[in-house]
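**Q** Take a look at this one; I'll ask things after.
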Amino acid sequence: MTTSIEPAAADLLGLFPPGARVGDDGTLVVGGCRLDDVAEEFGTPAIVVDAGALARRARDYLSAFRSRWPRTDVAFASKSFPCTAVQRVMVANGLHLDVAGGGEILGALKAGADPAALVMHGNAKSDEEIAMALDHGVGLVVVDNFDDIDPLESAARLGTAGGRPQPCLVRVIPGVTASTHASQATGHTGSKFGLSPAQAREAIARIERSPVLRLDGLHTHVGSQLLDVDELAAAVAPIAALGTFDTYDLGGGLGVRYTYGERAPDLDAYADALVGRARELLPAGCRLIVEPGRSMVAAAACTLYRVTTVKRGTVTHVAVDGGMGDNLEVSLTGQRFEAAIATRFGSGGEPVTVVGRHCESGDQLIDRISLPGPAVGDLLAVPVTGAYCFTMSNQYNGARRVPVVFVEDGVARLVVRRDTWADLLARDVDP
Ligand SMILES: Cc1ncc(COP(=O)(O)O)c(C=O)c1O
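Per the numbering used here, residue 3 is the first one in the sequence shown, and the count goes up by one each step.
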């Protein structure tokens, strides 16, 4: 049976993975698993992913685009949640993968991706990574700058791409200033990613002259956590103006709802906006690619923490056993999160600030939130942590990096283990 909850708590529940519910005793249940049981079995902090929600989102993405523009590929941006189990869900549901750098190529291959279905990015690719991409037969390499071209040609000349010219895209700065945090904006004229339209013309001409490279088209990416689909669609015109190609990769960037007050566009609104512009400006029958990261994975996960101390003073600090070691989004982008006590689910209570265990005053998880009587030993659940949190998890202050637990149909399974204490010293070669 599911307990009925007050409207504000329903809002809070809406931030947890779709299908999350509150059990009779007030404990939050995700993917059919009680979160207190998950914490007991796998420890805290832990990132808990509803695997069913992830798979449904992947299918919904593909059908939102293919129903409007049949020749679309959805390439999941691996960087947003780079672990084999997540990549495997994407591949199993027909998605391609966007990989940035050699490590993400290896992860994608381990997850069973067809190398031809990989799109490789990087604004500072090493020669080694370029050679790796061609050795493994990566489908598309995105040329970010002029310095990518020589090593690409050299690798292609070695015949590592099987004697075929290597398909490429050129990344174009669209000149769109997005309404997002500065660290997440990539489409403005001063961006470090890609080439201005004038420079892109030169790169296009160089690649078109190359006997060992094949220019398939253009790439662009406006930024991340964009809540206005018109800003995302605004990138189509600048690339359309550069000519007629087979492929246009429109990047990722769709924002998600992190807090009660926020509203994020749904997939239909997003696909309508991009495909609408494509119908107006791009050649009929061209191949479209979109590269969602955050909006694919963020809402399918939450992070579990144990409260380790409650310090009441001018401010009540509720400290947990994680923090910026498993969630850098707060300090990097100022992102606000919400939280609930997983075994006394509900909103309201006393105003507190949730802080982490790291030696930085900036290590705050949530500034000013109401929690119902927080106490040492409580289990805190922070929703919408599927994007970029695992990605940037680290060992600051000797923290053991977080595990990832998949929950589905009442079964919880570990897909990434927590660092061991020995892992913390594993790379230290000084005797
Ligand atoms: C080239 C490229 N594509 C796709 C993405 C994914 O963006 P998002 O996670 O906002 O969807 C990124 C992330 O910054 C990116 O750099």
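The beta carbon of each residue, even a glycine, is placed where N, CA and C say it ideally should be. Predicted model, so just to flag it, every value in this text is computed and none were measured.
1. Given residue 33, which residues of its chain have a CB within under 6 Å of its CB, disregarding the five upstream and five downstream residues?
2. Where do the ends of the beta strand (DSSP E) carrying residue 168 lie?
3. Measuring CA to CA, which of 92, 103, 171, 63 is closest to residue 116?
4. Less than 8 Å separating the beta-carbons of residue 160 and residue 170?
5. Relative to the alpha-carbon of residue 308, which residue among 302, 301, 345 has its alpha-carbon at the smallest distance?
6. Compute the minimum distance between the beta carbon of residue 373 and the heavy atoms of ligand 1, and state whether it is under 7 Å.
7. What first and last residue would you give for the beta strand (DSSP E) that runs through residue 308?
8. Can you give me the start and stop residues for the alpha helix (DSSP H) that residue 199 sits inside?
9. Assuming residue 220 and residue 174 make a contact with CB atoms under 8 Å, what is their CB distance in whole Å?
10. Closest to residue 73 by C-alpha separation, out of 373, 289, 137, 215, would be which residue?
11. Around the C-beta of residue 305, are 16 or more other C-beta atoms found within 10 angstroms, so that it is buried, or is it exposed?
12. Between the segment 92-101 and the segment 309-323, do at least 3 Cβ pairs fall closer than 8 Å?
13. Measuring alpha carbon to alpha carbon, tell me which residue in 138, 358, 196 is nearest residue 109.
14. At which residues does the beta strand (DSSP E) containing residue 332 begin and terminate?
15. Comparing C-alpha positions only, which one of 49, 47, 22 sits nearest to residue 36?
16. Alpha carbon to alpha carbon, how far is residue 30 from residue 10?
17. If you measure from each residue's Cβ to the nearest non-hydrogen atom of ligand 1, which ones come out under 5 Å, in chain order?
18. Going straight from the alpha carbon of residue 383 to that of residue 352, what length do you get?
19. Is residue 59 helix, strand or coil when you go by DSSP?
20. Could you check whether residue 252 and residue 292 sit closer than 8 Å to each other, using their CB atoms as the reference points?
21. Determine contact between the segment 322-336 and the segment 12-27, defined as no fewer than three beta-carbon pairs at a distance below 8 Å.
22. What separation, rounded to the nearest whole angstrom, lies between the Cα atoms of residue 414 and residue 157?
23. Considering only their Cβ atoms, is the gap separating residue 192 from residue 237 smaller than 8 Å?
24. By Cβ distance, which residues of its chain are closer than 8 Å to residue 60, with the 5 residues on each side in sequence left out?
25. What is the DSSP secondary structure of residue 429, counted as helix, strand or coil?
26. Let me confirm a value: residue 380 is counted as buried when at least 16 other C-beta atoms fall within 10 Å, else exposed. Which label applies?
27. Residue 368: which of 398, 324, 390 sits nearest, CA to CA?
28. Nearest-angstrom Cα distance between residue 342 and residue 226?
29. So residue 242 and residue 284 are in contact, right, with Cβ under 8 Å, and what is the actual spacing, rounded?
30. Put residue 249 into one of helix, strand or coil per three-state DSSP.
31. Among 182, 218, 203, whose alpha-carbon lies nearest the alpha-carbon of residue 258?
32. To which residues of the same chain is residue 187 closer than 6 Å at the C-beta, ignoring the five residues directly before and after it?
33. Given that a residue counts as buried once 16 or more other Cβ atoms are within 10 Å of its Cβ, and exposed if not, what is residue 439?
34. Where do the ends of the beta strand (DSSP E) carrying residue 122 lie?
35. Please report the straight-line C-alpha distance between residue 400 and residue 426, rounded to a whole angstrom.
36. What residue does the beta strand (DSSP E) around residue 357 start on, and which one ends it?
**A** Answer, in terms of the structure:
1. 52, 409, 410, listed in sequence order.
2. Judged by DSSP secondary structure, residue 168 falls within the beta strand (DSSP E) whose first and last residues are 168-173.
3. 92
4. no
5. Cα-wise, what sits closest to residue 308 is 345.
6. No, ligand 1 has no heavy atom inside 7 Å of this Cβ.
7. 303-313
8. 199-211
9. 5 Å
10. 289
11. buried
12. no
13. 138
14. Counting along the chain, residue 332 falls outside any beta strand (DSSP E), though it belongs to the alpha helix (DSSP H) covering 331-335.
15. 22
16. Looking at the two C-alpha atoms, the distance is approximately 15 Å.
17. 79, 82, 123, 223, 226, 253, 254, 255, 293, 294, 295, 296
18. 17 Å
19. helix
20. yes
21. no
22. 44 Å
23. no
24. Taken in chain order, the residues that qualify are 76, 78, 91, 92, 95, 96, 97, 298.
25. coil
26. buried
27. 324
28. 26 Å
29. 6 Å
30. strand
31. 182
32. 180, 225
33. An answer regarding residue 439 cannot be provided, because it is not within the stretch 3 to 433 covered by the chain.
34. Note, residue 122: beta strand (DSSP E), 120-123.
35. 7 Å
36. Residue 357 -> beta strand (DSSP E) spans 352-357.
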